[in-house]
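Number of protein chains: 2
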Amino acid sequence: MHLSSWIDIDPESDFSLYNLPYGIFSSASRSPRVGMAIGSFIIDLAAASKIGLFEDFEIPNEVFYRDSLNDFIELGVEKHAVVRKVVQRELAGQDSTLREYQTLLVRQQNATMHLPVRISDFTDFYSSLEHATNVGRIFRDPEEPLLPNWKHMPVAYHGKASSVVVSGTPVHRPRGQIQKSPGANPSFKETSQLDFELEMGYIIGKSNPLGQPVSVNQADSHVFGMVLLNDWSARDIQKWEYVPLGPFLGKNFSTSVSPWVVPMEALVPFRVDGPPQDPEVLPYLRSSGEQNLDINLEVALKPGQGSEEVICQSNPKDLYWNISQKIAHHTINGCNLRIGDLLGTGTISGSASTSYGSMLELTHAGAKPMVLADGGKRRFLEDFDTITMRAHGQKGNVRVGFGELSGEVLPAIELD
Amino acid sequence: MHLSSWIDIDPESDFSLYNLPYGIFSSASRSPRVGMAIGSFIIDLAAASKIGLFEDFEIPNEVFYRDSLNDFIELGVEKHAVVRKVVQRELAGQDSTLREYQTLLVRQQNATMHLPVRISDFTDFYSSLEHATNVGRIFRDPEEPLLPNWKHMPVAYHGKASSVVVSGTPVHRPRGQIQKSPGANPSFKETSQLDFELEMGYIIGKSNPLGQPVSVNQADSHVFGMVLLNDWSARDIQKWEYVPLGPFLGKNFSTSVSPWVVPMEALVPFRVDGPPQDPEVLPYLRSSGEQNLDINLEVALKPGQGSEEVICQSNPKDLYWNISQKIAHHTINGCNLRIGDLLGTGTISGSASTSYGSMLELTHAGAKPMVLADGGKRRFLEDFDTITMRAHGQKGNVRVGFGELSGEVLPAIELD
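Heads up: the sequence lines are chains A and B, in that order.
Note that the numbering used here gives residue 79 to position 79 of the first sequence, counting from 1, and the numbers run on in steps of one.
For the numbering used here, add 416 to where a residue sits in the second sequence, where the first one is 1.
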């Protein structure tokens with residue numbers, strides 16, 4: 001099927017008719033509300049609902065007049081499919097209410113994007129074999145980088161939901177305890193190893209009750225959509241604190257997500273098989289079907305005074321653990337996921353050294369500094385560097401993208 | 417000052433005039449709402465507000481007609497002090513509206529208690545030196561049980577907010593991956609090492625903006641009150657999964673809290689100095705004043721068919737890290753705490769072997785089973801065991817308690 005619209009959409013646009021991602025936006029005349037991206041526009045779904053676009057489908061207007069998608073998500077997958085279909089038809093068709101009321105379209109450049117989802121809990125996985133191997137080599141043991149549990153379960157930890165912010169939010173260089181060398185007392189200072197982590201995030205769309213696991217075969221139906229995710233990290237803080245209870249202040253100062261949530265339906269064309277898993281996983285983790293996604297990812301760095309350049313190109317298609325396995329594992333003990341939970345993939349690194357999804361890996365923990373086009377060197381991020389992540393799937397004419405996830409590093413805040 | 421009331425309050429009651437804790441209750445005729453415990457009664461603060469008890473103080477009725485304390489907490493410390501003072505005066509005085517309208521009082525036995533706070537994020541610390549030493553000895557190295565960072569920072573990790581439940585909620589025995597011996601492949605089964613952890617929890621009462629640390633000297637003003645907390649744990653699951661990212665499924669299947677939140681003001685009489693800290697902590701962690709609490713804690717175990725017996729008596733007064741240090745540390749990197757965040761102390765163990773706050777420690781990981789009064793033995797918890805935690809401070813006539821935190825272990829749920 002090839003879709004076309006009366007709206008002029010750049011063929012290179014992330015926001016094609018096949019995508020239709022959801023977000024929360026506001027503008028000079030509009031309070032925060034639910035919108036849908038198309039080309040360089042946003043469809044004001046609140047206003048569209050108000051004039052009756054969805055009136056045949058028992059979808060209450062109010063869910064669109066919210067500052068998060070949570071209430072809309074709660075309507076369930078059938079209502080989401082309706083909204084998607086109606087908008088798709090409206091955009092494709094000539095006899096279109098949207099076309100008639102073009103005030104329902106807001107230019108993206110005139111809108112402010114907000115955090116799309118009220119994050120209930122944030123869980124971050126560690127599902128790239130290449131990343132886990134690289135990090136294990138640097139932080140622990142070059143000979144045995146992978147821990148014994150890694151190929152048996154999608155290892156994960158809980159992060160802080162409060163510090164998940166939307167693209168565009170700057171990140172101040174955090175301070176913390178840093179140990180200069182083994183055995184030394186820690187000192188208190190700004191991190192000198194500020195890093196990004198290239199990840200994608202899943203938004204949970206259906207809750208499971210406490211005590212009731214979600215089986216690996218039903219896990220698909222518990223996902224609403226995906227975002228890009230930057231898990232900002234301070235490696236020196238992380239290294240000193242993380243044993244034995246895991247990462248804490250090295251991570252929880254900020255996690256950024258893209259403003260547009262791409263619905264799982266839009267990602268179907270990019271589904272592929274994941275890599276073989278050896279040893280065989282336990283039965284509760286045995287998934288079937290195409291569970292991985294072939295999505296082109298890139299990370300660009302722009303120094304404060306310089307121009308942007310791509311420093312990493314990666315793809316989640318080889319992630320060792322897929323989303324169904326992650327959900328099955330997360331809930332196998334009865335743990336309840338709620339609408340609005342954010343599940344990160346963990347850093348998405350490939351085997352090529354240009355595909356490493358963090359400075360830690362790209363520069364071998366600073367041992368091999370990166371040389372930028374302007375001659376500048378980077379072991380880790382410097383103040384006023386901007387990190388921008390982009391992602392899109394492409395299959396024939398069908399292009400579905402995530403827009404940009406961007407954040408600038410600002411100097412540490414003055415303490416009182 | 418000695419307070420007395422026209423209500424008959426048992427001198428042994430946890431809920432004296434000095435306490436006045438907040439909770440969320442409902443009854444046959446009342447939807448969930450804010451209440452305050454006094455003796456064996458609950459004051460219906462919603463109804464009390466409606467008839468004008470707080471009308472001179474600009475406190476909106478609506479905050480009491482909620483199914484969580486969050487909106488009430490958001491009013492701020494001055495309004496909380498007003499409510500407390502008005503109720504205290506009402507209960508002590510002869511010329512009392514509450515006395516006139518005794519329908520504002522609900523017997524606790526006729527009420528259902530709910531989770532008092534909508535938990536925003538749950539962070540659990542690890543602040544008992546004795547517990548960290550005991551666990552380090554069992555899980556890691558008997559010679560060097562304490563890790564190098566432990567005396568430099570209040571180590572912590574993030575838990576799952578969704579699975580925090582109120583007292584009375586049973587816990588189903590979780591399943592998960594368990595490694596029988598080093599090098600073996602894991603198998604999937606029910607935990608055979610189900611445990612409790614005796615903790616107290618702090619409810620954050622004032623948010624800090626992302627990027628803005630709370631200084632150790634201002635941290636006090638960010639706490640609303642305290643609860644009892646049982647951090648249910650599955651030790652065999654935990655042991656296999658926790659390296660390198662920390663506890664996950666071994667903990668997040670359930671965390672219980674007591675229904676009554678004791679305001680910090682009620683705990684002032686029990687404030688004591690904490691233990692000396694050596695080596696000296698970094699400046700951002702140097703607190704002053706009496707930051708610890710002298711509170712009698714106990715844990716009782718009741719087998720399904722047997723009678724209850726106390727298996728642990730402890731006290732948080734010797735916790736190595738105090739709450740001001742915990743908040744200063746948690747936010748020093750700019751991490752934002754929000755109203756409704758729950759901060760656990762971590763297991764509160766003393767030096768006496770009867771004061772260990774978990775089965776793991778009490779039975780030396782099962783090596784020295786506990787013999788119960790009915791002759792039964794326990795390495796860890798068995799199905800239909802009920803764990804009840806209690807806590808109270810006593811200073812002269814002044815008694816302030818937390819009520820009970822109770823939960824029964826039920827068999828694992830059948831999987832589809």
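By construction, the Cβ of each residue, glycine as well, lies at the ideal position given by its N, Cα and C atoms.
None of the values given here were measured: they were computed from a predicted structure.
Residue from the options with nearest C-alpha to residue i
| i | options | result |
| --- | --- | --- |
| B/E777 | B/A548, B/D557, B/I475, B/C751 | B/A548 |
| B/G764 | B/L758, B/D757, B/Y772 | Gly is not the amino acid found at residue 764 of chain B; the sequence shown has Ile there. The shortest Cα separation from B/I764 among B/L758, B/D757, B/Y772 belongs to B/Y772. |
| A/Y242 | A/S120, A/P279, A/G159 | A/G159 |
| B/R446 | B/I458, B/N813, B/D790 | B/I458 |
| B/I467 | B/D801, B/T519, B/G599 | B/T519 |
| A/Q212 | A/D195, A/I311, A/D385, A/I332 | A/I332 |
| B/L797 | B/F538, B/H530, B/V551, B/T607 | B/T607 |
| B/G823 | B/T761, B/K718, B/S774 | B/K718 |
| A/K206 | A/N336, A/I387, A/G401 | A/N336 |
| A/K239 | A/P186, A/V86, A/Q88 | A/P186 |
| B/N731 | B/S672, B/N668, B/R687 | B/R687 |
| B/A789 | B/E560, B/S674, B/V726, B/A463 | B/V726 |
| B/Y456 | B/F640, B/F818, B/L759, B/A572 | One detail in the question is off: residue 456 of chain B reads as Ser in this sequence, not Tyr. Nearest of B/F640, B/F818, B/L759, B/A572 to B/S456, Cα basis: B/F818. |
| A/A145 | B/S484, B/I425, B/P660 | Position check: residue 145 of chain A holds Pro in this sequence, whereas Ala was assumed. Nearest option by C-alpha distance: B/P660. |
| B/H746 | B/P827, B/R795, B/T539 | B/T539 |
| A/R99 | A/V34, A/S5, A/K368 | A/S5 |
| A/P170 | A/R118, A/T255, A/L147 | A/T255 |
Span of the alpha helix (DSSP H) around residue i
| i | result |
| --- | --- |
| B/G552 | 545-555 |
| A/K50 | 45-50 |
| A/I73 | 70-74 |
| A/E361 | 359-362 |
Secondary structure of residue i, DSSP reduced to three states
| i | result |
| --- | --- |
| A/R84 | helix |
| A/L105 | strand |
| A/A391 | strand |
| A/D195 | strand |
| B/D710 | coil |
| B/Y658 | coil |
| A/H330 | helix |
| B/P699 | helix |
| A/T354 | helix |
| A/N230 | strand |
| A/K377 | strand |
| B/S740 | helix |
| A/R271 | strand |
Contact list for residue i against chain D, beta-carbon separation under 9 Å
| i | result |
| --- | --- |
| B/H568 | Annotation note: the requested chain D is absent from the structure, which comprises protein chains A and B. |
Buried or exposed by the 16-neighbour rule on C-beta atoms within 10 Å, applied to residue i
| i | result |
| --- | --- |
| A/D341 | buried |
| B/A600 | exposed |
| A/R399 | buried |
| A/K326 | buried |
| A/N110 | exposed |
| A/R89 | exposed |
| A/E78 | exposed |
| B/L461 | buried |
| A/T363 | buried |
| B/E613 | buried |
| B/N813 | exposed |
| B/K596 | exposed |
| B/R388 | There is simply no residue 388 of chain B to check, as chain B begins at 417 and stops at 832 in what is shown. |
| A/D278 | exposed |
Span of the beta strand (DSSP E) around residue i
| i | result |
| --- | --- |
| A/L343 | 342-344 |
| B/R515 | No beta strand (DSSP E) contains B/R515, which is instead part of the alpha helix (DSSP H) from 513-516. |
| A/F125 | 122-125 |
| B/M529 | 528-530 |
| A/A156 | 156-158 |
| A/V166 | 164-166 |
| A/T255 | 255-257 |
Residues that DSSP places opposite residue i in a beta bridge
| i | result |
| --- | --- |
| A/P263 | A/G225 |
| B/L717 | B/E725, B/I803 |
| A/E408 | A/T386 |
| A/S26 | A/T112 |
| B/E606 | B/R591 |
| B/R651 | Per DSSP, none; premise fails for B/R651. |
| A/R66 | A/R66 is not bridged to any residue. |
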